[in-house]
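Novice: Keeping their order, the protein sequence lines are chains A and B.
Per this note's numbering, numbering through the first sequence is continuous, rising by one, with the last residue being 767.
Per this note's numbering, numbering through the second sequence is continuous, rising by one, with the last residue being 489.
Even for Gly, the Cβ is constructed at its ideal location relative to N, Cα and C.
Just passing along the structure, written as structure tokens.
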Amino acid sequence: MTVHRSLPHESGPLHVTGTARYVDDVPLPPGALHLAFGLSDRARARITAMDLDAVRAAPGVVAVLTAADLPGANDVSPSPVPEPMLAEGEVFFHGQPLFLVVAESHLAARKAARLGKVSYEDLPALLTIDDGLAVDSLIEPPVEYLRGAPEPAIAAAAHVIEGTMEIGGQEHFYLEGQAAHAVPGEGDEILVLSSTQHPSEIQHKVAHALHVPFNAVRVEMRRMGGGFGGKESQGNALAVSCAVAARLTGRPCAMRYDRDDDMVITGKRHPFQVRYRAGVAADGRLEGIVFEQFCNCGWSNDLSLPVADRAMLHADNAYFLPHVRITSHRVKTNLCSFTAFRGFGGPQGLVGIERVMDHIAASLRLDPLSVRQANLYDREGPRTVTPYHMVVEDNVAPELIADLAVRADYAERRAGIAAFNAESRVLKRGIALTPVKFGISFTLTHLNQAGALVHVYTDGSVHLNHGGTEMGQGLHTKVAQVAAGVFGLPLGAVRITATDTGKVPNTSATAASSGSDLNGMAVKAACDTIADRLRDFAAERWQIDRDAIRFEGGEVVIGAERLRFAELVEAAYMARVQLSATGYYATPKVQWDRRAGRGRPFYYFAYGAAVTEVAIDTLTGEYRILRADILHDVGASLNPAIDIGQIEGAYVQGAGWLTTEELVWDGQGRLRTHAPSTYKIPCASDRPQVFNVALWDGRNREETIHRSKAVGEPPFMLGVSALMAISDAIAACGDGSRYVALDAPATPERVLRAVDAQRGIAW
Amino acid sequence: MAVLRFRLNGRPVEIPDPAPTQTLLDWLREEKALTGTKEGCNEGDCGACTVMVTGPSGPRALNACILFLPQIEGLSVRTVEGLAGENGLHPVQEAMVEHHGSQCGFCTPGIVMSLAVAQMQGRQDWDDVLAGNLCRCTGYAPILRAAEAASALSSPALDPQEVSPPRQDLDDFADWYADHPGAVLVGGATDVGLWVTKALRELPEVAFLSQVAGLDRIEETPDGLRIGAMVDMERLRGAVAPHYADLAEMLRRFASVQVRNAATIGGNIANGSPIGDSPPALIALGARLTLRRAAVRREIPLEDFFLDYGKQDRAPGEFVESVFIPAQPDRLRCYKVSKRFDQDISAVCGCFALTIESGGIVAARIAFGGVAATPKRARAVETFLVGKPWSEATIRSAQPIFAEDYSPISDMRASAAYRARLCGNLLMRYFLETEGATAIRLAGEALA
């Protein structure tokens, strides 16, 4: 079997030799042009004049386009609410594209794009959640989930805690910036190469922009240099620009954002504010809780509504909330339009309840782990119902947490840290265990479908396509393992080529961790169809029962006979057996009413937990992650090495979000952290110095592909343990009378401020 | 320049009349179709463009995105495409595949090149080797496993070290520059490179100091260390390590290997940045700067060079020739505080050298970066301290006096309040460390 094995990434040898091609590496046909956007330097204003003469006169410039010059729809929105690609009379954030420069080189386009003379009439800009709330700037009315009667439960509780937490956004910092090519074909046809998680949406947006049917647009995507949600919708503008410019000039066009432009223009993880008020029993159990979530959506809808929904859907994390009200406010501001990012709102919702657990433990002077364990969902019985009325049927959190606490020596280390802190004046240590329960499925139910196209050639090699995209997560490797497994072939016999809207149509974005769940099943269905035909053929040819035919080790076992797979295929071809098939899959069981907050939005949950130990420097607020121990549930792993790689990477990215990754906008709404010199993602030494990752031993109880579970997003939230460990270390500076209430990201500055607050020093 | 010559992946290359500010990265990708070397940030921070450049002192990792073509004249360049041999993958490449060190693969060529250089140098300090290679997918763990595995194997022979960088006579250069004071002097291009790649500036006249003989000398005498302006940060680190261990440790956290291999001490001083890390340390050491115009040299205390933001005491046609660090007992402590621990620009960099005799402070030199418009001494605090007993009470009294020396600003790296708070706290750290406190920094034994 090729599944359940730690096979290397299918592109590994190409990656390490520099021969793996990304969009910008693909040679352009002769005569190709290069594009760049001219950007707004106001956050909110009316454009009173736009003088582009100098842009047009700049060396190498072929054309300059404004919204009025576009041949079709000026819309790159992934939602039903339009989002202009080029500003139409008004600007809504600093860095919004105003005009498009088409030039002979990338550098010529970039230089010319800075020469626009734009006059504005400034309007009041909303730069924060509070700014937006003050004028009731919302993209839809608040959404509420309610179960039970939380206010009376809180009023009757032994203890009440309340607080507000600010949670910062996050830049994706995919190493490969946004990029696209468009090559005009004959008639109205066009070929688009795009670094995108969503080729079908690129196809649709390009078709609307050119006023052509979908069948005139083919989108190809071989691989992305990282996506993380940042290429779900944010590549639309580049692909549409290339297509429009290619149509207007008749020449191939290429566009890639310089890193600073990329960080200024594109959306990021949504900043949130979470307010909570909870009633707690003496043993730390929640009696009732009210959450108010405030989601900074930025200037346009983009994917903010489902992001805000998913934050609500993870306000419980792994905990039973007996009486609960969750209200979500979707605030429209004049910043970039925040977008999908690994976890899709789930992390912000989850951080809220983890903060509550930490606060309860501090207030009641209980061990935070025991408070968390006391509040977990039960395996069965009444304490299994989520705030959205779905019953948690597959809960492994209690066992998984107990197992991890032992593996990580949680109790002993906690005692050791207390002893260390009592002796150490400058450095303090902290430790925390936090769990993850993450719902798997698109909450927009119809997206839970996938297609595949599989060809078996007469030499026995297999070529397949599916609707998912490869962004480094190993999707193609896992899917190829599934296909090879069906035919009993070595992995090398299966080739997956670029995702292509001409091969598999009407695809969903590779998002919501769904890639292998959906596409693995669709590919398996197609492979099974071909394998069944081969079995039928062999059963008749060799006059043997179908069940006596097996595909294994590159051969076909037919009773006592063994053939090379290629021999059987060749024979089947000669007998006119079809060796190509499509496959299709739709996730069962899911149904969801998003406004009512009721139903089963998720097919299943993925679980995990992490213990993190940190040390902080109480003179500077700096910190280091000393050790992380992780136990994570991926069901029956399709590829343990890939899954562990996802978990390690997700943890570090999650810890980065909550520690050093700080987005700073100034008073004019300008993003000041628009390059890696100022926006600090984790580097090598930021990984935990001791890093133990293990997979939970268990199959998915639902009938997923080989009983595996999705892995892309859930482990991101394991990084929350780093924030809580820092909070624990800060608490060691005080006498326990004042809760740390650490906001995110916990930069060294925030940490020092919190340390000093524990010591009664304000600055 | 007529014809630029260097070696690329073992083969000689000639470029007639190259544009002086064309970067190696653009040339590789756009003119040679060698697209394995990636553009991740175009400012030397992410390392996706890392290449191996072999010069007289052996192979080094450099960022191709801010490396102008004339800087590699006479040297040997190897890119990721030139690493695998006829017998298959380089051991680093093989280990990266086997240990699942690549996910999206975009940072991978740069990581492979950094590790290949480290392997040739026998380095195993992976956190430093890789500080300048950002990866967003893996969390670095599998890359470190690959690095460990590859380091156990021997490195294949790559470039012979037959390199012949050009050399212009220093006196000739000094005369030329006096006549061309408008020329932009390029040391390692880690700063000027961004004028081109980010500010999109045209540089009409450029002089590459890497082509001038004698500016990269380190002279050690009983009186002290004289460091030529073109000594790069990595060599500086080696030169100061035996004398000022804490300066060497601070320089370890100065940018990344790739940047330290290019960035020069002269550039770090001459650009006058308020957040350069070497000036406060050198000021605390009482360093003196030699400036030269044509044949005329003058020597000034380093702190006097920095007049105001963007303004230095340097006449037209005058250039930084060397910096001299007078020999002294090692009392120096350097405290670099940044949002991210490694490879980050300091929010504050505080450097202290106090002379304590018989329990009293007899001399004090304190300089900070990041808290004023220039690197600057804390003269009010110094004045207060001298003559006082060396005690925690003295420190506490001195802490508020930093407000007389510095009025820091708030920016994306830190608030003014945080910077102000750090000044006093770092003085306290100096006190605690000189009083024998160990394990009070986030390094080494304290983290074991």
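(1) For G401 (chain B), I'd like the list of residues in its chain whose CB is within less than 8 Å of its CB, leaving aside the five on either flank, ordered along the chain.
(2) Could you give the distance in angstroms between the alpha-carbon of R339 (chain B) and the alpha-carbon of G358 (chain B)?
(3) Taking the alpha carbon of A219 (chain B) as the reference point, which residue from B:G485, B:A335, B:K352 and B:Q353 has its own alpha carbon closest?
(4) Do the CB positions of A102 (chain B) and G173 (chain B) come within less than 9 Å of each other?
(5) Give me the residue from B:C178, B:V253, B:A230 and B:L130 with the minimum Cα distance to T62 (chain B).
(6) So, is the C-beta of C178 (chain B) closer than 9 Å to a C-beta in chain A?
(7) Counting only C-beta atoms, is T664 (chain A) closer than 9 Å to chain B at any point?
(8) Quick one: give me the first and last residue of the beta strand (DSSP E) that D732 (chain A) is part of.
(9) Can you find a C-beta in chain B that's less than 9 Å from the C-beta of T682 (chain A)?
(10) Who pairs with N469 (chain A) in a beta bridge, going by DSSP?
(11) Any idea which residues DSSP pairs E144 (chain A) with across the strands?
(12) Below 8 Å CB to CB, which residues in the same chain sit around T624 (chain A) once its five sequence neighbours on both sides are set aside?
(13) Since R417 (chain A) and E617 (chain A) should fall inside the 8 Å C-beta cutoff, what is the C-beta to C-beta distance between them, to a whole number of angstroms?
(14) Apart from the five residues just before and just after M154 (chain B), which ones in its own chain have a Cβ nearer than 7 Å to its Cβ?
(15) Can you tell me whether T503 (chain A) is helix, strand or coil according to DSSP?
(16) Run through chain B and tell me which residues come within less than 8 Å of C257 (chain A), C-beta to C-beta.
(17) Report all residues from its chain with a CB closer than 7 Å to the CB of S204 (chain A); omit the five preceding and five following residues, and keep chain order.
(18) Name the one or two DSSP bridge partners that C687 (chain A) has.
(19) Leaving out five residues on either side along the sequence, give the residues of the same chain with a beta carbon under 7 Å from the beta carbon of A116 (chain A).
(20) Leaving aside the five residues before and after A576 (chain A) along the sequence, list all residues of the same chain whose C-beta is less than 6 Å from its C-beta, in chain order.
(21) Name the DSSP beta bridge partners of F147 (chain B), please?
(22) Using the beta-carbon of each residue, which ones in chain B are nearer than 9 Å to A36 (chain A)?
(23) Closer than 6 Å by C-beta to S15 (chain A): which residues in its own chain qualify, once you throw out the five before and the five after it? Chain order, please.
(24) Which whole-angstrom value describes the C-beta separation of A495 (chain B) and E243 (chain B), a residue pair presumed to lie in contact below a C-beta threshold of 8 Å?
(25) Closer than 9 Å, Cβ to any Cβ of chain B: which residues of the segment 469-491 of chain A, in chain order?
(26) Determine, for W167 (chain B), whether the minimum Cβ-Cβ distance to residues of chain A falls below 9 Å.
(27) Between the segment 161-169 of chain A and the segment 181-199 of chain A, do at least 3 Cβ pairs fall closer than 8 Å?
(28) Against chain A, with Cβ distances strictly below 9 Å, would A461 (chain B) count as a contact?
(29) How long is the line joining the alpha carbons of G443 (chain A) and H318 (chain A), rounded to whole angstroms?
(30) Going by C-alpha to C-alpha distance, which of A:P592, A:T473 and A:W596 sits closest to G145 (chain B)?
(31) What does Y261 (chain A) reach in chain B if we use C-beta pairs closer than 7 Å?
(32) Leaving out five residues before and five after E639 (chain A) in sequence, what residues of the same chain have Cβ atoms less than 6 Å from its Cβ?
(33) Quick check on I450 (chain B): does DSSP put it in helix, strand or coil?
(34) Out of curiosity, what's the CA-to-CA distance linking D349 (chain B) and M161 (chain B)?
(35) Would you mind sorting Q453 (chain A) into buried or exposed? The rule is 16 or more other CB atoms within 10 Å of its CB.
(36) Express the C-alpha separation of I206 (chain A) and V223 (chain A) in angstroms, rounding to a whole number.
Specialist: By the coordinates alone:
(1) For the purposes of this step, residue 401 (chain B) is identified with residue 360 of the second sequence, where counting begins at 1. So the qualifying residues of the chain are G428, K429, P430 and W431.
(2) Taking the first residue of the second sequence as 1, we reach residue 339 (chain B) at position 298. Taking the first residue of the second sequence as 1, we reach residue 358 (chain B) at position 317. Going from the Cα of R339 (chain B) to the Cα of G358 (chain B) covers about 13 Å.
(3) The residue you call residue 219 (chain B) lines up with position 178 of the second sequence. For the residues B:G485, B:A335, B:K352 and B:Q353, the minimum Cα distance to A219 (chain B) belongs to B:A335.
(4) Here the question's residue 102 (chain B) lines up with position 61 in the second sequence. Here the question's residue 173 (chain B) lines up with position 132 in the second sequence. Result yes, Cβ atoms of A102 (chain B) and G173 (chain B) sit closer than 9 Å.
(5) What you label residue 62 (chain B) is simply residue 21 of the second sequence in a count that begins at 1. Across the set B:C178, B:V253, B:A230 and B:L130, the C-alpha of B:A230 shows the shortest separation from the C-alpha of T62 (chain B).
(6) Locating residue 178 (chain B) in the second sequence gives position 137, where the first residue counts as 1. Interface residue (Cβ-Cβ distance to chain A less than 9 Å): C178 (chain B) is classified as such.
(7) The residue labelled residue 664 (chain A) in the question sits at position 660 within the first sequence. True, the Cβ-Cβ gap to chain B drops below 9 Å.
(8) Numbered from its first residue, the first sequence carries residue 732 (chain A) at position 728. For D732 (chain A), there is no enclosing beta strand (DSSP E); the enclosing alpha helix (DSSP H) covers residues V724 to A735.
(9) Looking up residue 682 (chain A) in the first sequence gives position 678. Cβ-Cβ to chain B under 9 Å: yes for T682 (chain A).
(10) One-based indexing of the first sequence puts residue 469 (chain A) at position 465. Residue pairing by DSSP places N469 (chain A) opposite A:L457 in a beta bridge.
(11) Numbered from 1 along the first sequence, position 140 holds the residue referred to as residue 144 (chain A). DSSP lists A:R334 as partners of E144 (chain A).
(12) Translated into positions along the first sequence, residue 624 (chain A) becomes position 620. Within the same chain, T624 (chain A) has close Cβ partners P752 and L756.
(13) Position 413 of the first sequence, counted from the first residue, corresponds to residue 417 (chain A). Position 613 of the first sequence, counted from the first residue, corresponds to residue 617 (chain A). Rounded to the nearest angstrom, the Cβ distance from R417 (chain A) to E617 (chain A) is 7 Å, consistent with a contact under 8 Å.
(14) Taking the second sequence and counting its residues from 1, the one referred to as residue 154 (chain B) is at position 113. Sequence-distant partners of M154 (chain B) (beyond 5 residues in either direction) whose C-beta falls short of 7 Å from its own C-beta, in its chain, are T91, V92, M93, A102 and V121.
(15) Residue mapping note: residue 503 (chain A) aligns to position 499 of the first sequence, counting from 1. T503 (chain A) falls in the strand class under three-state DSSP.
(16) Residue mapping note: residue 257 (chain A) aligns to position 253 of the first sequence, counting from 1. Correct list: empty, because the minimum Cβ distance to chain B is about 16 Å.
(17) Taking the first residue of the first sequence as 1, we reach residue 204 (chain A) at position 200. The beta carbon of S204 (chain A) lies closer than 7 Å to those of T505, N510 and T511 in the same chain, with the five residues before and after it left out.
(18) Position 683 of the first sequence holds residue 687 (chain A). According to the DSSP secondary-structure assignment, C687 (chain A) is paired through a beta bridge with no residue.
(19) Along the first sequence, one-based indexing puts residue 116 (chain A) at 112. Contacts found: V59, A62, V65, V105 and A107.
(20) The count along the first sequence starts at 1 and reaches residue 576 (chain A) at position 572. Once the five neighbours on either side are set aside, the close Cβ partners of A576 (chain A) are L538 and F541.
(21) Your numbering for residue 147 (chain B) matches position 106 in the second sequence. Per DSSP, none; premise fails for F147 (chain B).
(22) What you label residue 36 (chain A) is simply residue 32 of the first sequence in a count that begins at 1. Per Cβ cutoff of 9 Å: no residues; A36 (chain A) is ~12 Å from chain B at best.
(23) Taking the first sequence and counting its residues from 1, the one referred to as residue 15 (chain A) is at position 11. Within the same chain, S15 (chain A) has close Cβ partners A24.
(24) Only positions 42 to 489 of chain B appear in the structure, and residue 495 (chain B) is not among them; the question remains open.
(25) Cβ proximity to chain B below 9 Å picks out E474, M475, G476, Q477 and G478 from the segment 469-491 of chain A.
(26) Numbered from 1 along the second sequence, position 126 holds the residue referred to as residue 167 (chain B). Residue contact with chain A for W167 (chain B): present (Cβ-Cβ distance below 9 Å to some residue of chain A).
(27) They do not touch, by the three-pair rule.
(28) Residue mapping note: residue 461 (chain B) aligns to position 420 of the second sequence, counting from 1. At least one chain A Cβ lies under 9 Å of A461 (chain B).
(29) To locate residue 443 (chain A), count along the first sequence from 1; it is residue 439. To locate residue 318 (chain A), count along the first sequence from 1; it is residue 314. Roughly 8 Å separates the two Cα atoms.
(30) Taking the first residue of the second sequence as 1, we reach residue 145 (chain B) at position 104. Here the sequence assigns Cys to residue 145 (chain B), which means Gly is not the residue at that position. C145 (chain B) has its Cα closest to that of A:T473, out of A:P592, A:T473 and A:W596.
(31) The residue labelled residue 261 (chain A) in the question sits at position 257 within the first sequence. For Y261 (chain A), no chain B residue has a Cβ inside 7 Å of its Cβ, as the nearest lies near 11 Å away.
(32) The residue you call residue 639 (chain A) lines up with position 635 of the first sequence. Residue identity differs from the one stated: residue 639 (chain A) is Gly in this sequence, not Glu. The beta carbon of G639 (chain A) sits closer than 6 Å to those of R703, N704, R711, S712 and K713, all from its chain and outside the five residues before and after it, given in chain order.
(33) Counted from its first residue, the second sequence places residue 450 (chain B) at position 409. I450 (chain B) falls in the coil class under three-state DSSP.
(34) Here residue 349 (chain B) refers to the residue found at position 308 when the second sequence is read from its first residue. Here residue 161 (chain B) refers to the residue found at position 120 when the second sequence is read from its first residue. Going by the C-alpha atoms only, they are around 44 Å apart.
(35) The residue labelled residue 453 (chain A) in the question sits at position 449 within the first sequence. Counting Cβ neighbours within 10 Å, Q453 (chain A) comes out buried, since at least 16 surround it.
(36) Indexing the first sequence from 1 puts residue 223 (chain A) at position 219. Indexing the first sequence from 1 puts residue 206 (chain A) at position 202. C-alpha separation (whole angstroms): 7 Å.
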